[in-house]
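In my numbering, the protein residues as written are 23 to 210. Here a beta-carbon is modelled for each residue, glycine too, at the ideal position from N, C-alpha and C. Data block below; observations after.
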C-alpha cells in the first residue's frame, strides 16, 4: 500500500505522482489539505487523467490495487487492517496540526496498522503536518520519501520530516512515483 500527504502546491504534486502510477498500482491513500466540498471534484479530475481509479474516500472503502482514495475535506482519514484486508475510516474530529484532514492522522494509522507493509511520501506543503507521522512510519519499518526543496512549492512539511529523520530518501517530484512503486513491490 502507498500513503501520500501534501498541502500547499499539493494538487499538482499529487496529480504528478498519481499520473506516474500504472493501472495495476498498489492501493493508494492520500491526504491533501483542502476544504470540504473541493476534494470530490479534485478526485474526479484526477480520475479522468490517471491510469489508476481515483475517488474521494468513504468510510469503509477497501484499499485495493488500481485505486487511489483521497481524504474528503473536513474529515480525517485512517487505515484499518483486518487480516489481509485494509479499509479506510473517514471520521470527523478535532483538527490535528490545525488541519482536518491531517496527514499525521493518516501516517500514524499506517504505522500502527501496517508497519512495514506500506510505503509513503510527504510532498510540498506549509507547516509540519505529516512530519511526525512519517517518522512513525519509518520507525515501524516502512520505506519513506520526502519531496526535495527544488521541486516543492513550499518546502515546509518535507523539510520538517527530513529534519526529524522521517525520510529514507529525498527525491524530486518526478521520481516519487517510481520509488513508491519500487518500495511497494518489495512488500510481501
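Expected contact under 8 Å - CB spacing of residue i and residue j to nearest Å
{"i": "residue 103", "j": "residue 136", "result": "6 Å"}
{"i": "residue 92", "j": "residue 74", "result": "So it is not a contact: roughly 11 Å between Cβ atoms."}
{"i": "residue 140", "j": "residue 132", "result": "5 Å"}
{"i": "residue 31", "j": "residue 147", "result": "7 Å"}
{"i": "residue 168", "j": "residue 192", "result": "5 Å"}
Bridge partners - residue i, DSSP secondary structure assignment
{"i": "residue 104", "result": "107"}
{"i": "residue 121", "result": "118"}
{"i": "residue 98", "result": "113"}
{"i": "residue 177", "result": "147"}
{"i": "residue 142", "result": "25 and 166"}
{"i": "residue 76", "result": "90"}
{"i": "residue 193", "result": "169"}
{"i": "residue 84", "result": "109"}
Pair within 8 Å by beta-carbon distance, residue i and residue j
{"i": "residue 111", "j": "residue 69", "result": "no"}
{"i": "residue 156", "j": "residue 189", "result": "yes"}
{"i": "residue 202", "j": "residue 35", "result": "no"}
{"i": "residue 138", "j": "residue 163", "result": "yes"}
{"i": "residue 171", "j": "residue 127", "result": "no"}
{"i": "residue 83", "j": "residue 109", "result": "yes"}
{"i": "residue 33", "j": "residue 54", "result": "yes"}
Selection from the options that minimises the alpha carbon distance to residue i
{"i": "residue 175", "options": "23, 24 and 28", "result": "28"}
{"i": "residue 159", "options": "143, 66 and 172", "result": "143"}
{"i": "residue 37", "options": "206, 208, 209 and 198", "result": "198"}
{"i": "residue 107", "options": "23, 34, 122 and 117", "result": "23"}
{"i": "residue 122", "options": "182, 138, 39 and 52", "result": "52"}
{"i": "residue 207", "options": "41, 26, 191 and 46", "result": "46"}
{"i": "residue 95", "options": "64, 87 and 71", "result": "64"}
{"i": "residue 59", "options": "178, 97, 134 and 117", "result": "97"}
{"i": "residue 39", "options": "200, 154, 149 and 205", "result": "200"}
{"i": "residue 209", "options": "33, 44 and 48", "result": "48"}
{"i": "residue 41", "options": "184, 150 and 89", "result": "89"}
{"i": "residue 134", "options": "173, 161, 183 and 55", "result": "161"}
{"i": "residue 72", "options": "54, 44 and 85", "result": "44"}
{"i": "residue 87", "options": "56, 25 and 183", "result": "25"}
{"i": "residue 105", "options": "119, 204 and 85", "result": "85"}
{"i": "residue 177", "options": "117, 130 and 150", "result": "150"}
Residue i at chain C interface by Cβ criterion, 8 Å
{"i": "residue 128", "result": "Chain labels in this structure do not include chain C; a single protein chain is all it has."}
Kindly provide the ranges of any alpha helix (DSSP H) runs that are 4 or more residues long and lie completely inside the region 24-62, ordered along the chain.
Taking only runs of at least 4 residues, the alpha helix (DSSP H) segments lying wholly in the region 24-62 are 32-41.
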